[in-house]
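Engineer:
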Amino acid sequence: MFDLQALQQKIPRYIIGLSSGTSCDGIDAVLVRLKGTGPEMAMRLLASNTFPYDEDFRLALLSEHKTDREICQLNFQLGELLAQAALEMIKIAKEQNIEVDFISSHGHTIAHLAPPTFSKIGILQIGEPAVIAERTGLPVVSDFRARDMAAGGQGAPLMPYADWILFRRSNRTILCINIGGISNMAVIDPDFQKIFAFDTGPGNMAIDATVRLLTRGAENMDRDGRMARHGKVIDEFLEYLLDHPFFVKVPPKTASREDFGEENYLRDALASRKEYPIEDLVATVTTMVVRTIVDAYERFVKPQYTIDHIIIGGGGAKNRTIHKWLSKSLAPIPVFTSDQYGIPNSSREALSFAILGNETICGTPANIPQVTGASRPVVLGKITPP
Numbered sequence: 125m126f127d128l129q130a131l132q133q134k135i136p137r138y139i140i141g142l143s144s145g146t147s148c149d150g151i152d153a154v155l156v157r158l159k160g161t162g163p164e165m166a167m168r169l170l171a172s173n174t175f176p177y178d179e180d181f182r183l184a185l186l187s188e189h190k191t192d193r194e195i196c197q198l199n200f201q202l203g204e205l206l207a208q209a210a211l212e213m214i215k216i217a218k219e220q221n222i223e224v225d226f227i228s229s230h231g232h233t234i235a236h237l238a239p240p241t242f243s244k245i246g247i248l249q250i251g252e253p254a255v256i257a258e259r260t261g262l263p264v265v266s267d268f269r270a271r272d273m274a275a276g277g278q279g280a281p282l283m284p285y286a287d288w289i290l291f292r293r294s295n296r297t298i299l300c301i302n303i304g305g306i307s308n309m310a311v312i313d314p315d316f317q318k319i320f321a322f323d324t325g326p327g328n329m330a331i332d333a334t335v336r337l338l339t340r341g342a343e344n345m346d347r348d349g350r351m352a353r354h355g356k357v358i359d360e361f362l363e364y365l366l367d368h369p370f371f372v373k374v375p376p377k378t379a380s381r382e383d384f385g386e387e388n389y390l391r392d393a394l395a396s397r398k399e400y401p402i403e404d405l406v407a408t409v410t411t412m413v414v415r416t417i418v419d420a421y422e423r424f425v426k427p428q429y430t431i432d433h434i435i436i437g438g439g440g441a442k443n444r445t446i447h448k449w450l451s452k453s454l455a456p457i458p459v460f461t462s463d464q465y466g467i468p469n470s471s472r473e474a475l476s477f478a479i480l481g482n483e484t485i486c487g488t489p490a491n492i493p494q495v496t497g498a499s500r501p502v503v504l505g506k507i508t509p510p
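Residues in the sequence shown are numbered from 125 upward in steps of one, following our numbering.
The structure is reproduced here in structure tokens:
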């Protein structure tokens, strides 16, 4: 029988964190040791791994025209893949004589209809936790965003809570910029009540979609930012991209594929500009990503906070062109990667959801109302017993 109280009292707890990001590359998995909860939490990363999706499954996740039946099937398919990833991490744990206590899985967001953009709100995340629990014999924490939305929030961003646990320093204020499928930033102040975070707009989602559409699927990303580095910005295209209504909104605000999916945001715009070289189009979209991050900092962060360090993470941190352009635009503030702060970039999101899962088990609220717009702090996630 599943004993939640015993799990709450266990010191330390060993957790597998699983994440399937908006970019649809694959599953990131971590094995962590955690003690405590809230500000007293102590964490150690023991192992990490990435399990790429095969191309057919990745394209199925990326499709913007899924039927109800296909969504149901993807839910269980992803559940099986998440379970396989967890089982591989359990093998690693056993090699270290560690018994895993539970699994924390973010799953994959199919639809995120957040207020105030949508009057009829909702969120759907797949990666069936019952499948993971059945295959592994372990409790599973999942579906973190719905409770924040039920409390009036936007369900995102949620990573700032984990960023505060991971990166806070008593003597400095840090700006964490995460460039995943969606880009977001979080001001990590030593005082928890002063955390400020929001989505800035599209990140890798837009760049990857541009490359995929222009190469007809032959390539999926701009590796190291090479295309953007050799391209020239198309001013009228950049103006079009920056004209999206999301960019003039004030925080709290969250972005999703409903805002910046390729169908609505890029496909027609790229099709009508076929006369330009691919490098110029990719350079322009990359400039949009960097510009919207910098503009968000200038408008919403700089007037209120003195930032000592900037930490960038997510897939965009691997893009050398983005890193160079951001560092130049945000100078003289020093820009670091999360690796330089002791947290491997490839593990950061899975690690964040291991932290959030720990808080679910402990009954500790882990949303930040001033960030998401929720009416109050709430315990996130749902628990599926083994």
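Note that CB positions come from ideal geometry on N, CA and C, so glycine has one too.
(1) Under the three-state reduction of DSSP, which class applies to S396: helix, strand or coil?
(2) Thinking C-alpha only, which one of P326, A330, K356 and A238 is nearest I417?
(3) Using the rule of at least 16 other Cβ atoms within 10 Å of the residue's Cβ for burial, across every protein chain shown, is A407 buried or exposed?
(4) Can you say whether K244 is buried or exposed, counting buried as having 16 or more other CB atoms within 10 angstroms of its CB?
(5) State the beta-bridge partners of L142 as determined by DSSP.
(6) Look at the alpha carbon of L262 and the alpha carbon of F371, and state the distance between them as a whole number of angstroms.
(7) Determine, using beta carbons only, whether L390 and V156 come nearer to each other than 8 Å.
(8) Hey, G251 and N199: beta-carbon distance below 8 Å or not?
(9) If I follow the unbroken beta strand (DSSP E) through Q249, where does it start and stop?
(10) Considering only C-alpha positions, which residue in the set K218, I216, F175 and A217 is nearest to K204?
(11) Taking just the CA atoms, how far does D267 sit from S229?
(12) Are the CB atoms of Q201 and F181 within a distance shorter than 8 Å?
(13) Mind checking I306: buried by the 16 CB within 10 Å criterion, or exposed?
(14) Given a cut-off of 8 Å on the beta-carbon distance, is the pair E483 and T233 in contact?
(15) Residues bridged to K134 by DSSP?
(16) Tell me which residues share the same chain as D287 and place their Cβ nearer than 7 Å to its Cβ, disregarding the 5 neighbours each side in the sequence.
(17) Quick test of your reading: I140 and I227, contact by CB under 8 Å. State the CB separation rounded to the nearest angstrom.
(18) Could you check where the beta strand (DSSP E) with T508 kicks off and where it finishes?
(19) Would you check if the distance between the CB atom of G349 and the CB atom of N491 is smaller than 8 Å?
(20) Under the assumption that E223 contacts N173 (Cβ atoms under 8 Å), give the Cβ distance between them as a whole number of angstroms.
(21) Quick one: grab the DSSP three-state call for P326.
(22) Under a Cβ-count criterion, where at least 16 other Cβ atoms within 10 Å of its own Cβ denotes burial, should H447 be classed as buried or exposed?
(23) By the 10 Å Cβ neighbour count, where 16 or more other Cβ atoms means buried, how is G246 classified, buried or exposed?
(24) Under 8 Å, do F460 and K377 count as touching if we go by C-beta distance?
Structural biologist: Looking at the atomic coordinates:
(1) Note: S396 maps to coil in three-state DSSP.
(2) P326
(3) buried
(4) exposed
(5) A153 and S229
(6) 42 Å
(7) no
(8) In this structure, G251 lies near N199, with their beta-carbon atoms less than 8 Å apart.
(9) G246 to I250
(10) What sits at residue 204 in the sequence shown is Glu, not Lys. Taking only the C-alpha atoms, the option nearest E204 is F175.
(11) So the two alpha carbons sit approximately 8 Å from each other.
(12) Cβ distance < 8 Å, so F181 and Q201 count as in contact.
(13) Under this definition I306 is a buried residue.
(14) no
(15) Paired residue(s): none; K134 is not in a bridge.
(16) C300, A310 and I312
(17) 5 Å
(18) K506 to T508
(19) no
(20) A Cβ-Cβ separation of about 19 Å leaves E223 out of contact with N173 under the 8 Å criterion.
(21) Here P326 sits in strand by DSSP.
(22) Under this definition H447 is a buried residue.
(23) exposed
(24) Taking C-beta atoms as the reference points, F460 and K377 fail to come closer than 8 Å.
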